[in-house]
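Residue numbers (this note's numbering), protein chains in the order written: chain A, 1 to 362; chain B, 363 to 724; chain C, 725 to 1086; chain D, 1087 to 1448. Ideal placement from N, C-alpha and C gives every residue a C-beta, glycine not left out. These notes concern the structure reproduced below.
There are 4 protein chains.
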Amino acid sequence: MFEPDQLPHILPEYYTRARDMMSLQNRAYFLAGAGDEATLLANETAFSCARIIPRPLRETGGGSTQISLLGQSHATPFMVAPFAYHRLLDPLGETATARGAQAQSIKTVVSAQSSVDLAQIRSAAASCDWFQLYWMGSRERTLELAEIALAAGYTVLVLTIDAPVQGVRDREIEAGFQLPPDVRAVNLSAFPATRFTPLIEGQSFVFDHIAHVLPNWRDVDWLMQSVAAPVLLKGILHPDDAARAASVGAAGVIVSNHGGRVLDRAPATLEMLLEVIKRVGSEYPVLMDGGIRRGVDIFIALALGAKAVLIGRPVVCGLCVAGELGVSHVLRLLRDELEIAMLLSGCASINDIHADMVHLKL
Amino acid sequence: MFEPDQLPHILPEYYTRARDMMSLQNRAYFLAGAGDEATLLANETAFSCARIIPRPLRETGGGSTQISLLGQSHATPFMVAPFAYHRLLDPLGETATARGAQAQSIKTVVSAQSSVDLAQIRSAAASCDWFQLYWMGSRERTLELAEIALAAGYTVLVLTIDAPVQGVRDREIEAGFQLPPDVRAVNLSAFPATRFTPLIEGQSFVFDHIAHVLPNWRDVDWLMQSVAAPVLLKGILHPDDAARAASVGAAGVIVSNHGGRVLDRAPATLEMLLEVIKRVGSEYPVLMDGGIRRGVDIFIALALGAKAVLIGRPVVCGLCVAGELGVSHVLRLLRDELEIAMLLSGCASINDIHADMVHLKL
Amino acid sequence: MFEPDQLPHILPEYYTRARDMMSLQNRAYFLAGAGDEATLLANETAFSCARIIPRPLRETGGGSTQISLLGQSHATPFMVAPFAYHRLLDPLGETATARGAQAQSIKTVVSAQSSVDLAQIRSAAASCDWFQLYWMGSRERTLELAEIALAAGYTVLVLTIDAPVQGVRDREIEAGFQLPPDVRAVNLSAFPATRFTPLIEGQSFVFDHIAHVLPNWRDVDWLMQSVAAPVLLKGILHPDDAARAASVGAAGVIVSNHGGRVLDRAPATLEMLLEVIKRVGSEYPVLMDGGIRRGVDIFIALALGAKAVLIGRPVVCGLCVAGELGVSHVLRLLRDELEIAMLLSGCASINDIHADMVHLKL
Amino acid sequence: MFEPDQLPHILPEYYTRARDMMSLQNRAYFLAGAGDEATLLANETAFSCARIIPRPLRETGGGSTQISLLGQSHATPFMVAPFAYHRLLDPLGETATARGAQAQSIKTVVSAQSSVDLAQIRSAAASCDWFQLYWMGSRERTLELAEIALAAGYTVLVLTIDAPVQGVRDREIEAGFQLPPDVRAVNLSAFPATRFTPLIEGQSFVFDHIAHVLPNWRDVDWLMQSVAAPVLLKGILHPDDAARAASVGAAGVIVSNHGGRVLDRAPATLEMLLEVIKRVGSEYPVLMDGGIRRGVDIFIALALGAKAVLIGRPVVCGLCVAGELGVSHVLRLLRDELEIAMLLSGCASINDIHADMVHLKL
Ligand SMILES: Cc1cc2nc3c(=O)[nH]c(=O)nc-3n(C[C@H](O)[C@H](O)[C@H](O)COP(=O)(O)O)c2cc1C
Ligand SMILES: Cc1cc2nc3c(=O)[nH]c(=O)nc-3n(C[C@H](O)[C@H](O)[C@H](O)COP(=O)(O)O)c2cc1C
Ligand SMILES: Cc1cc2nc3c(=O)[nH]c(=O)nc-3n(C[C@H](O)[C@H](O)[C@H](O)COP(=O)(O)O)c2cc1C
Ligand SMILES: Cc1cc2nc3c(=O)[nH]c(=O)nc-3n(C[C@H](O)[C@H](O)[C@H](O)COP(=O)(O)O)c2cc1C
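See the structure below:
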């Protein structure tokens, strides 16, 4: 077990220590991005280009980071992003993550590809009631997975639509990344991979196999009607798609490019957040993720219109460095930094954070 | 012979491995650019500044990368760019390249300076029916070369006009690059170099020798009328020149700066592509090359209006690393990446790729 | 003691030598910035983006750098910025600094956190009559400190409002910075730290402790009325806050982000100076600091509207490298450079320095 | 003596080899810039941001680089910039430079601070008939120097006005640069340095000594009327100063910042060239220098309106590496590159080089 005083004291040390501790394979899987990592870098750079104008001498006594979202109360405007295979980083896997987050009153979005059974995670951490779905190749199978999650007590669903193929994962290929035998997407064992008929001359794996098992907007519409829970769409970048999500009944959208892991050259999420908000207005629940590494980044995303954000790599690093405790500590540091940014900019509540407090030159 | 599992698995490894394998001289000849390489770099940078906005949930089943160009059907919207002296990289030279490309149903544009006889290349790879001409110092000689190519079965000609002089090839001079005795521009042996009268005091080699054997627009016009095949002009950057090419009957233009090998400080081809399309409209066949290193780059060029693109250095690297197999593999990887980009942006056909899917900030 | 010829001869050598001489802890405390140091860097970068257009052939004979500010005459338009704990750098601490500055007829703004008694500094250097206040947790305590300073002979007060919390001082945490036992904020010994009641579940240290002992605009208004001396507000970035400062009777404002030590991602002070001047006009006394490393930087700040500037890190480095003599020399070098910039741009007096002499592209 | 085949073959090798061959002192004197070298770098960067659009298929046969300037015919649109103390680099000093340039039919502007007698240089190289003056502290002394030059056969004078003080020559101070005993400004021996009365308390060397011996616009006006030869003003950056130069009868102006050696943070000369031309129109003779390292740079300066350019550092490097031969070779390489750029952009004469051939994004 970790002694608290062996933990990193600052966020960047979590990031560098995790990078050093990981095997080449894990580094490629968890930290790298697709292709030349232009999008991964762009996500982070967008935040570091933003400037927050401090406003001293405003009253912030008794303030708080609390928000209300889809009828739920959240202690902070950020959650743990769904990511796969936590057991590659810690033997307790998603259980460790969910507990570490819960210790900070923060929710974890559990990935469809979690390496611990979804019901087990849920019972280990009562606050953990968001579940992320992938399309399972057909309407029925997708609905089936959703219902398993709801039956286990999850109350909010997130359908991730931006990763229908792997993307150009050059770093993983280079490192020869492969799942070890004891780590699997346990929730998906009951859903064997689609078997395709062999391709004929001139056909393409992408267009003639994969594309046939992907969802379209009508499928998503159907799912929204069929599931007895709010569903958010994750992986929206185009404003028109955000509008369409709203119109098919999505409970909200998550502006995301999957942390730069799928289409390298996709734009930075912060950049598209602005466009999306312009299109769907400020009432509709728009969340975002990608590139958040500091508390000030959360402040910036909120100022530019996000209702909440998801945290991916920082939690990856916390889990890698010190398991449950590491997750908890990373989230605490992010929250502390956010509170300081709020104090310095004179915001006593998340609602006080306005667009005119941030200058963004991209 | 190469075992497939010794091949690089990803595109960037072809590039780095080729760089490492090449002699200093070949590196200078094949990979370097003119002058300070500002244009070579600008070509690549322009692509990496572009952003593609993914569009999930659109139907792409049964899609394909096929295009129709000048009445021909092409399996992909890219071809192998004409480059000289393949035998510097592989003993089979252009034959290896053309076969490797054909294995992917991709056409090779054979360079006037090929190191293998043009008829021999053509008979080795039936798909290989584009031939690139240089101006041979006079109308008659140029027409003669064109007719040799047509007689050998080539059906489309490309007249390259952007390299009337060598350019400032500092890297080659530094490396002392020279053709070895067994590698020559075999198709040009029958066309001995022009003999100039000695320069007199105050005359200049550039203006008083070279300039006198260069073509002008009237010569090009004449050639277009005299050759019984479609001719494209390669090496156009200025929009007015593209318009003029159309007006003298060119079958199309290739926006190119010769891969940054001639005029250092020429603008990036992607930048000029936009201007050219604005000028000649979207019907006229405008192709482009320069700086394409990834499948997403092809997507970007097409989105911004190119009907097809040519691939230079990546094929150079494929040929260097693993001959015919390497060419084939590099082209396959580019195609896979293009298909993934199309799937992620919801494009089932090349015609679906539109300008509004790409943001370009230069 | 230092022999003059062992001193650095140029400003950058003071900066590099100080960096090398300091302990890791002092380097983190004195030279680093908050968070990722984006603001620290932005302060400096803003100056290096500005361009001064020389104007030869204008008369500058008999010129001078003198200004008049709040009724005082200053030999130069710059002062020493208030910074804490000079005794970490030199045994004589603030006494050395104030004397070194006075040797150049330059005033030192004494920090509330000085490590030498404020009266002692004042009596060591007669020119040293500006004192910087922090809010002491309540109106009464703050007024008390102000009155101690006035009683000691200080005539101008500076209330620093931009550092109500420490900020994210990662570099200091990393280095394990702590005050040694013999260095303390001696002027504040009489003001014991506020004792807070323990936080209850769900409360936050930032919002439920710190925020309750911070001043608001009404407190500042009250202080202005209660203190029998001109008070400037230091740490203003937002134009509206500058306007408000003027309206509550501040004698002037100092556009500052505390040298990038508090809110990382705050904008560069030079950038905000422009906005502030646009808002409050050119009559109201607006000073600035942050990122000034060269005489030309002072010129630039004055051209863009600052009435005077404060110098932080350069003086830190002078004091570190050679105590009183080092402070004096650094200030002399800055003044020499300023005079040269004035001569070259044809300005015989500070009033001749106009905005159209500087181009700023940010 | 140098064997031609030991010479560098390309321009950049002259620059790197010179840097390596020079003593630390000479490097600081000849190659470094003032302050942090921001202006030195900006000069070069401005050129590398410009893009030239090639225009193939235009007639350039019989073209030439010749220009006519102030009634003289010049074989090329560039001259050697005046720089001091050539004997630090080669024992024959300015004689070597002037002869090497003349071998390429290129004129040298002889510096007032030449280390060889001005008459001797002139008799060694008949083409060398431009002389650069500094203000000698008074009208009479300046006129006297001008008349010595005219008497020796110089026909065009250049009055340099941008270096009334040394500037912040940190690199030279650092390197301890000093003239060796055998190298002096021989033409100025007859003009002993002004003796100043001692400064009194509160006076400044810059404003109370230097500024009193500098010229103003009336002095320059007087000189123009008093000298029986065309005089250009060198060191103009502000458009208003260019206009004023024209109005006091200057034969032309040279947009220059003294190669970044005086006011660090002065703008790039290429940037100001545009402004100056906008102000004084395209008829008035505007020359420029600073940052030209390649033939394409000359093309760019001419396209943006310069009638001719001066070459500083490249000639410094040629002289350092191989004396007279090196100067000649560097100038030949620049001319070759210029001719190639002209051919590729379809310009048969300097007059054909137009602004619309160059894109400049600064
Ligand atoms: C290793 C890894 C695995 C991921 N797996 C999933 C997943 O299973 N489902 C999903 O919706 N998103 C997944 N994501 C994307 C994250 O939910 C999130 O969008 C991304 O990490 C945010 O960017 P950040 O890492 O820069 O914070 C994964 C991300 C990473 C880094
Ligand atoms: C080594 C080399 C030789 C080339 N030779 C020719 C040639 O003979 N004819 C021609 O039209 N283009 C030639 N090119 C230019 C290419 O056709 C093409 O325009 C360029 O390589 C595209 O840029 P890329 O290499 O960045 O893809 C050559 C390019 C290279 C790299
Ligand atoms: C080590 C250090 C301690 C400081 N302490 C104080 C302080 O006690 N009070 C205050 O108002 N400002 C303080 N400052 C901020 C300075 O007054 C000033 O705003 C800043 O140093 C200006 O930026 P510069 O260092 O880039 O010149 C401190 C700055 C430094 C570097
Ligand atoms: C070492 C050196 C000495 C110089 N001396 C003089 C001089 O005596 N008179 C003058 O007018 N300019 C002088 N200059 C400036 C040059 O004439 C010219 O403006 C400058 O070198 C152009 O920039 P470049 O070196 O980037 O080409 C000098 C420049 C250098 C590098």
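- For the 7 Å CB-CB criterion, A1205 (chain D) and A1184 (chain D) do not form a contact.
- Assignment of alpha helix (DSSP H) within the segment 658 to 717 of chain B, counting only whole runs of 4 or more residues, yields 675 to 706 in chain order.
- Inter-residue distance for C320 (chain A) and M342 (chain A) is about 29 Å (C-alpha atoms, whole angstroms).
- Scanning C:K1002, C:H936, C:V944, C:P991 for the CA closest to the CA of D964 (chain C) turns up C:K1002.
- In terms of Cα proximity to P267 (chain A), the closest of A:A18, A:F30, A:Y29, A:T39 is A:T39.
- Relative to ligand 2, the beta carbon of H620 (chain B) is positioned inside 6 Å of a heavy atom.
- Here the alpha carbon of A1120 (chain D) sits roughly 12 Å from the alpha carbon of R1018 (chain C).
- Restricting attention to A:S328, A:L159, A:P285, the CA atom closest to the CA of G71 (chain A) is found in A:P285.
- A contact is defined here as three or more CB-CB pairs under 8 Å, and the segment 596 to 612 of chain B fails this definition with respect to the segment 1171 to 1187 of chain D.
- In its chain, beyond the 5 residues on either side, T832, A849, A850, S851, C852 have a beta carbon closer than 8 Å to the beta carbon of Q826 (chain C).
- Chain B places no beta carbon closer than 7 Å to that of S1197 (chain D), leaving this residue out of the contacts.
- Exclusion of the five residues before and after V678 (chain B) leaves A380, F392, L393, F445, L451 as the residues of its chain whose Cβ lies within less than 8 Å of its Cβ.
- Taking C-beta atoms as the reference points, G680 (chain B) and V689 (chain B) count as a pair closer than 7 Å.
- By a beta-carbon distance limit of 8 Å, D1442 (chain D) does not contact F1133 (chain D). Their separation comes to about 18 Å.
- Selection B:W497, B:E536, B:E633 evaluated against N388 (chain B) yields B:E536 as nearest (Cα-Cα).
- In its chain, beyond the 5 residues on either side, L1174 have a beta carbon closer than 8 Å to the beta carbon of P1266 (chain D).
- The beta carbon of N767 (chain C) sits no closer than 7 Å to any beta carbon of chain A.
- Neighbours of I776 (chain C) in chain D, taken as residues at a C-beta separation under 7 Å, are given in chain order as L1349, R1351, A1352.
- Using a Cβ-Cβ cut-off of 7 Å, A1427 (chain D) is close to L625 of chain B, given in chain order.
- Shortest Cα-Cα distance from I350 (chain A) to any of A:I67, A:C49, A:D20, A:E44 involves A:I67.
- Across the set B:R531, B:G425, B:P592, the C-alpha of B:P592 shows the shortest separation from the C-alpha of L495 (chain B).
- Runs of the alpha helix (DSSP H) spanning 4 or more residues and lying entirely within the segment 827 to 854 of chain C occur at 842 to 848, in chain order.
- For T438 (chain B), the distance from the CB to the nearest heavy atom of ligand 2 is not below 6 Å.
- For F931 (chain C), the C-beta contacts it makes with chain A under 9 Å involve T60, G61, G62, G63, S64, T65, E339, M342, L343, A348, in order along the chain.
- For G1186 (chain D), the Cβ stays outside the 6 Å cut-off from all heavy atoms of ligand 2.
- In terms of beta-carbon proximity, S1290 (chain D) lines the interface with chain C, with at least one pair separated by less than 7 Å.
- Restricting attention to beta strand (DSSP E) runs no shorter than 3 residues, the segment 1278 to 1362 of chain D encloses them at 1317 to 1322, 1338 to 1341, ordered along the chain.
- Taking a Cβ-Cβ cut-off of 9 Å, V1416 (chain D) has no neighbours in chain C, whose nearest Cβ is about 29 Å from it.
- In the three-state reduction of the DSSP assignment, L1373 (chain D) falls in the strand class, which pools E and B.
- Every beta strand (DSSP E) stretch that sits fully inside the segment 747 to 791 of chain C and reaches 3 residues is listed by chain position as 774 to 776.
- Looking at the DSSP output, H448 (chain B) sits in no beta bridge, so it has no partner there.
- Contact between A573 (chain B) and T1146 (chain D) holds, since their C-beta atoms are separated by about 4 Å, short of 8 Å.
- Under the DSSP assignment, M1165 (chain D) falls in the beta strand (DSSP E) whose first and last residues are 1164 to 1166.
- Taken through DSSP and simplified to helix, strand or coil, V642 (chain B) comes out as helix.
- I523, D524, P526, V527, G529: these are the residues of the segment 498 to 529 of chain B whose beta carbon lies less than 7 Å from some beta carbon of chain D, given in chain order.
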